[in-house]
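Be aware that the sequence shown starts at 1, since it is given in the UniProt record's numbering, and climbs by one per residue. Backbone N, C-alpha and C fix where the C-beta goes; we use that ideal spot for every residue, glycine too. Note that this is a predicted model, so its numbers are computed, not measured. First comes the structure, then the notes that go with it.
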Amino acid sequence: MTHTRPTPAGSAFAPLHVTRSATTFQTWWSAVTVGTDATDIADGILALRTPHTSDVESSLHWLMLAVFQGPVPVTWLEVDGLHPTAQVSHVVLDADVAHDSDGDVVGVDVVLSLHVSAADGSVVATTPSAYVQSPATVFATTSTQPADALAEIIDTALDLVNDTITAADHFAALARAPRTEPTHAAALEEPDEPEEPEIEHCRDCGRVTRIDDDPVDTDAADGWNGYCGGCADRREDQDRDDTDA
C-alpha cells in the first residue's frame, strides 16, 4: 500500500520517508523470539484478525507498545531525506485510540515520533500522524506467520505517515512563501540626513563662538549677546567711555 505522491519540483527540501529495513527487521525478530516478546506480539496480531471478538483499536495500540517499547531495541526504522549532519536520536511508531466527543472509540491515530539531533547540538522533533477510521480493514494481514504479518502492519503504518509528511511538503512547496529577511516600513524609508550643527559666530570679529550651544573655548563662553568674550569686553569698555563722556 503506497499512496505517496511525488514531491513538487519547486520543493526546497528532499523528500522525507521512513522505511523498514527488511534485513535488520529479521535480525531483530530473531532476537525477539529468544524471549516471550514473540508470543506477546503474536497474540496482538491474532487480536487484529478477530475484530468481532476483540477491541482492534486497543489491540493495535498494545501491539505497537510491545514492539517499540519492548526489551529488544528497534533499529530497523530508516529515515531518508535528512540533512547530512542530522542524526536520528529517537524514532517510534504508535497507534493512539481515537475517541469522539461522546467518548466512543472511532478508530486510531497512527503517529510517528521522530527526534533528530542537529549540527548545533539542538534536538528537533516531528510527530506526523494519520487517522484510520477502520483499523481492522486497513491493517488486515495476509500472512499467517507472525514476523511477516507484523512486517505488513508496520509497512502499512509507515505508508500512512509518509503520506502525511509528503502532503505537508506538497502544501509547503505550492503555498508557502519563501523565507526572506524581515522587511519593516521603517527599513524601507530613506535614512534621515544628519543634522547640520548649529554654529554661532561673533557679531564683531566673526570667530566661531558656539557649536550646538556648546562654547568652543573659555573666551567664547564669556561672550554675551552674540559676541565673543574679547569683543564683549571691548564693547563694554566703549560703552563705559561713551557714558563718561
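Query                                                                                                                                                  : Result
With distances taken from CA atoms, which of Ala14, Val106, Ser21, His17 is nearest Glu152?                                                            : Ser21
Going by DSSP, name the residue or residues bridged to Asp96.                                                                                          : Asp109
Where does Ala125 fall in DSSP's three states?                                                                                                         : strand
So, at 8 Å on beta carbons, what are the nonlocal neighbours of Val123 in its own chain, with the 5 sequence-adjacent residues on each side left out?  : Ser89, His115, Val116, Ser117
So the alpha helix (DSSP H) Leu158 belongs to, where does it begin and stop?                                                                           : 146–175
What is the residue span of the beta strand (DSSP E) that Leu77 lies within?                                                                           : 77–80
Quick check on the DSSP output: the beta strand (DSSP E) that includes Thr27 runs from which residue to which?                                         : Taken as a continuous stretch (DSSP letters only), Thr27 belongs to no beta strand (DSSP E), being part of the alpha helix (DSSP H) at 22–32.
I'd like the list of long-range same chain contacts for residue 257, defined as Cβ closer than 6 Å, with 5 residues on each side in sequence excluded. : Absent from the structure is residue 257, since the part of the chain shown begins at 1 and ends at 245.
Could you check if Leu150 is buried or exposed, using at least 16 other CB atoms within 10 Å of its CB as the buried criterion?                        : buried
With 16 as the cutoff for other CB atoms within 10 Å, does Met1 come out buried or exposed?                                                            : Confidence in Met1 is poor, its pLDDT being 48 and thus under 50, which makes the residue's placement too unreliable to answer from.
Would the beta-carbon of Gly44 fall within 9 Å of that of Ser59?                                                                                       : yes
If you count every other CB in all the chains shown that lies within 10 Å of the CB of Leu46, and 16 or more means buried, which is it?                : exposed
Would DSSP call Glu198 helix, strand or coil?                                                                                                          : coil
Alpha carbons only, please: which of Thr137, Ile165, Tyr131 is nearest the one belonging to residue 246?                                               : The structure shown does not extend to residue 246, since the chain is modelled only from 1 through 245, so no value can be given for it.
Please determine, among Ala147, Asp55, Asp239, the residue with the shortest C-alpha to C-alpha distance to Val67.                                     : Ala147
Can you tell me whether His83 is buried or exposed, with buried defined as 16 or more other CB within 10 angstroms of its CB?                          : exposed
Mapping DSSP to helix, strand and coil, what is Thr137?                                                                                                : helix
In this structure, how does DSSP classify Val67 when only helix, strand and coil are distinguished?                                                    : helix
Count the other CB atoms within 10 Å of the CB of Asp100; is the residue buried (16 or more) or exposed (fewer)?                                       : exposed
Secondary structure at Val74, three-state DSSP: helix, strand or coil?                                                                                 : coil
Is Ala119 closer than 9 Å to Thr156 when the C-beta atoms are compared?                                                                                : no
Suppose you measure from the CA of Glu193 to the CA of Gly226; what does that come to, to the nearest Å?                                               : 28 Å
When DSSP builds the beta bridges, which residues end up paired with His61?                                                                            : Its beta-bridge partners do not exist; DSSP assigns none.
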